[in-house]
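Enquirer: Can you read through this structure? Questions will come right after.
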Amino acid sequence: MIITVPRILRRSQIAFMFIDGGDNTDPIPTSSSVTMLAESTGSVTVELKQIPNQPIKFMADSTQESRTEDAIIAWTWKTFIEQNGTNPYILLRMPMTKAAVRGMDATEQLLKEEGFPVPNNFVIAGLSKRGWTTWTTAAVNNQRVSAAIPIVLDILNLQKNMKHHYRSLAGWTFAFYNYYVLNITRYLDNPYFQKMASIVDPYSYFDRYAQVKVFQLQGANDEFFLPDSEDYFWDDLQVKTGGSYLRRIPNTGHSIQGYQGSLQSFYLSIADKQILPSFKWTRSINETHGQILAVIDFSTGQPKPINATVYQARTVNGTKRDFRQAKIDPTSGQIIQNPIVWLNMPVTIEAQTNTSITYSYTAPMPPSSYWDGIFIQVTFVGPENTTLDLTTETLILPNTFPADPCTGDGCFGTMV
6 MIITVPRILR
16 RSQIAFMFID
26 GGDNTDPIPT
36 SSSVTMLAES
46 TGSVTVELKQ
56 IPNQPIKFMA
66 DSTQESRTED
76 AIIAWTWKTF
86 IEQNGTNPYI
96 LLRMPMTKAA
106 VRGMDATEQL
116 LKEEGFPVPN
126 NFVIAGLSKR
136 GWTTWTTAAV
146 NNQRVSAAIP
156 IVLDILNLQK
166 NMKHHYRSLA
176 GWTFAFYNYY
186 VLNITRYLDN
196 PYFQKMASIV
206 DPYSYFDRYA
216 QVKVFQLQGA
226 NDEFFLPDSE
236 DYFWDDLQVK
246 TGGSYLRRIP
256 NTGHSIQGYQ
266 GSLQSFYLSI
276 ADKQILPSFK
286 WTRSINETHG
296 QILAVIDFST
306 GQPKPINATV
316 YQARTVNGTK
326 RDFRQAKIDP
336 TSGQIIQNPI
346 VWLNMPVTIE
356 AQTNTSITYS
366 YTAPMPPSSY
376 WDGIFIQVTF
386 VGPENTTLDL
396 TTETLILPNT
406 FPADPCTGDG
416 CFGTMV
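The structure is reproduced here in structure tokens:
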């Protein structure tokens, strides 16, 4: 764990914790990826590394494989399900979450011992598995976590989202390999899969996010997750939190790029208790076209937008509703580039007053055997001349799928 205290501590009441990866073969760190954030914001930052502790071998694992990342998680899922849900502590999400909580404890203790002000609350963030841990840490420590920034992890409402994934790709992304080889996709209708989800799925804890601001960051070409994963939880999250925020970044995958500026802007807004944008939208679709309407309300001091645009992409063919940046070549079995490009399109100002502005974008149905994805992005000025980019959910049209719904063993599928 690396704690950075800037020379000029302008925001002592809050700290930023980045939940990071790494493993036991890494050298002792001498720098932190969030040191610059500490210096630019005048606040304490923490990089909590090696979440989870890895590599690891399980005594009960007959293969004695040295597991890391998804291979650990998948094995703990399989074990929990096949042991009929008798041992929740086998699930890796438990120690990962506990480690993040203890990271905040250790930060407070060290700052106190060194004579620095102890922050009242934390903003936490993490990518992928650490993004999942960001969600669960905010759920179990919601009095101390004022905001959560989960990055490239939006498969909440786990069973429904995974079944949506299967229908969209007519199979399972190669990125799910570790879960696929352990038969996790066969277990989606198993009652112990549902029991597991009740423990690890952030969707189970939405009632705990009432006082937590959530800023979800995603890559539009993510190899793990789909651009419309929010369909299965976003409306419920809005109700429970009174308003959360989303940014989907075009032309970047699971190794997401280009999010740091918006993260800093959001963090500063939370730290300074500044009013965040009021940004709401509706999506509609019929036989001929799809439309997104986005309304920004600044009637009571909320930020006004300075720019708006649309991003639109089309699938390569009609065999998969597939916007990933990579896929499996069905001939060679190798992972190859999937040439999906999100193009910038002009947005229409539907209405504008002294207190609000409404943007719209209407897209005709794509040619037969293709799917189009669209979302609107709106830019706001944040504290200290930062910019905050927010997006709507993605609308995919037509609302059809290349595969029928699956049940039971029929969900096993193939890797694509």
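In terms of the numbering used here, the sequence shown opens at residue 6 and continues consecutively.
Backbone N, C-alpha and C fix where the C-beta goes; we use that ideal spot for every residue, glycine too.
Given this structure, state the Cα-to-Cα distance separating residue 275 from residue 51, to the nearest angstrom.
Expert: Roughly 17 Å between the two C-alpha positions.
Enquirer: Please state if the CB of residue 377 and the CB of residue 402 are separated by a distance shorter than 8 Å.
Expert: Cβ atoms of residue 402 and residue 377: closer than 8 Å.
Enquirer: If I follow the unbroken alpha helix (DSSP H) through residue 263, where does it start and stop?
Expert: Counting along the chain, residue 263 falls outside any alpha helix (DSSP H), and DSSP gives it neither H nor E.
Enquirer: At what residues does the alpha helix (DSSP H) containing residue 230 begin and finish?
Expert: Where residue 230 is concerned, there is no enclosing alpha helix (DSSP H), given that its DSSP letter is neither H nor E.
Enquirer: So, at 6 Å on beta carbons, what are the nonlocal neighbours of residue 483 in its own chain, with the 5 sequence-adjacent residues on each side left out?
Expert: In this structure the chain extends from 6 to 421, so residue 483 is not present and cannot be described.
Enquirer: Report buried or exposed for residue 217, applying the criterion of at least 16 other Cβ atoms within 10 angstroms of its Cβ.
Expert: So residue 217 counts as buried.
Enquirer: Can you name, in chain order, every residue of its own chain whose Cβ lies under 6 Å from the Cβ of residue 78, other than the five neighbours on each side?
Expert: Correct list, in chain order: 97.
Enquirer: Tell me, please, whether the region 163–179 touches the region 243–257 by the rule of three or more beta-carbon pairs shorter than 8 Å.
Expert: With the cut-off at 8 Å, the region 163–179 and the region 243–257 do not touch.
Enquirer: The alpha helix (DSSP H) that contains residue 185, what's its start and end?
Expert: Segment 182–185, the alpha helix (DSSP H) holding residue 185.
Enquirer: Does the region 197–210 come within contact of the region 138–148, defined as at least 3 CB pairs closer than 8 Å?
Expert: Yes: the two stretches touch, three or more of their Cβ pairs being nearer than 8 Å.
Enquirer: Indicate, with yes or no, if the ligand PLP has a heavy atom lying under 7 Å from the CB of residue 335.
Expert: Although the ligand PLP was asked about, the structure shown includes no ligands whatsoever.
Enquirer: Measuring only between beta-carbons, confirm whether residue 372 sits less than 8 Å from chain D.
Expert: Absent here is chain D; the protein component of the structure consists of one chain.
Enquirer: Out of 415, 421, 410, 414, state which residue places its alpha-carbon closest to the alpha-carbon of residue 172.
Expert: The shortest C-alpha separation from residue 172 is found at 410.
Enquirer: Just tell me which of 23, 49, 19, 8 has its CA closest to the CA of residue 485.
Expert: This structure gives no information on residue 485, because the portion of the chain shown stretches from 6 to 421.
Enquirer: What are the boundary residues of the beta strand (DSSP E) that residue 171 is part of?
Expert: Residue 171 -> not in any beta strand (DSSP E); alpha helix (DSSP H) instead, spanning 163–174.
Enquirer: Which residues in the same chain as residue 194 place their Cβ atom closer than 7 Å to its Cβ, once the five residues preceding and following it in sequence are excluded?
Expert: The answer, listed in chain order, is 412, 413.
Enquirer: Quick test of your reading: residue 328 and residue 341, contact by CB under 8 Å. State the CB separation rounded to the nearest angstrom.
Expert: The pair is not a contact, with the Cβ atoms about 15 Å apart (cut-off 8 Å).
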